[in-house]
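K.L.:
My questions will all concern the structure given below.
Numbering (this note's numbering), first residue to last: 93 to 289.
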């Protein structure tokens, strides 16, 4: 899955109606909600939106005919296989009715045009793991390990505990390496699984 690397804005005119698209990368629902609330334009005729965060998605037609705005915005997001993104489209009615099909095409193409102008970046699955080793094996984690980030570490009596963030697909190799070097004298706990960009 991918997301956008920056906020993007785009304006499109369709039969005298103006569509202002704003898109942003988000990690949580509250970020999407904050973006949508703070970017709605009170002067626009409609403020339609959609967002996707992993398996969670929402969309809103904001008084456009049902299914003609929010769903096409989401279809544009899904068509590009994007995740962790919120898109808001403000529309100013220009006096010419577009019809249901015209509205759907206008919303979807406006979002697609906007998103075609921004860089897309891969989202990497990561996991936060707590590991406990004996003090004598503490040096193991400081051997060169790719794609890990030590969040915290501490010594307790005769054990060394550390919490790391690592790419999910690297966990098995890291566990095997640490277990081998510590002669299977280590414990692992998964604390959190997340997707980051």
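The C-beta atom is built at its ideal place from N, Cα and C for all residues, glycine as well. Predicted, not measured: the structure shown is a model, and the values here were computed from it.
1. Report whether the distance from the Cβ of residue 212 to the nearest heavy atom of the ligand MN is below 7 Å.
2. Inspect the beta-carbon positions of residue 174 and residue 107 and report whether they are closer than 8 Å.
3. At the level of alpha carbons, what is the spacing between residue 162 and residue 99?
4. DSSP three-state call for residue 120: helix, strand or coil?
5. Measuring CA to CA, which of 176, 200 and 253 is closest to residue 216?
6. My guess is that residue 201 and residue 225 are in contact by the Cβ rule of under 8 Å, so how many angstroms apart are they, rounded?
7. Is the CB-CB distance between residue 103 and residue 141 below 8 Å?
8. Thinking C-alpha only, which one of 95, 110 and 267 is nearest residue 187?
9. Give me the Cα-Cα distance between residue 133 and residue 112, rounded to the nearest whole angstrom.
10. For the beta strand (DSSP E) holding residue 217, just list the boundary residues, first then last.
11. Could you check whether residue 137 and residue 94 sit closer than 8 Å to each other, using their CB atoms as the reference points?
12. I'd like the span of the beta strand (DSSP E) that includes residue 168, first residue to last.
13. Can you give me the start and stop residues for the beta strand (DSSP E) that residue 105 sits inside?
14. Provide the residue(s) that pair with residue 247 in DSSP beta bridges, ordered along the chain.
P.N.:
In terms of the structure at hand:
1. By its list of ligands, the structure shown contains no ligand whatsoever, and the ligand MN lies outside what it can speak to.
2. Cβ atoms of residue 174 and residue 107: not closer than 8 Å.
3. 19 Å
4. coil
5. 176
6. About 56 Å separates the two Cβ atoms, so there is no contact after all.
7. Against a cut-off of 8 Å, the Cβ pair of residue 141 and residue 103 comes out as no contact.
8. 110
9. 10 Å
10. 216 to 226
11. Against a cut-off of 8 Å, the Cβ pair of residue 137 and residue 94 comes out as no contact.
12. That residue, residue 168, is in no beta strand (DSSP E); its alpha helix (DSSP H) goes 162 to 171.
13. 100 to 106
14. 252
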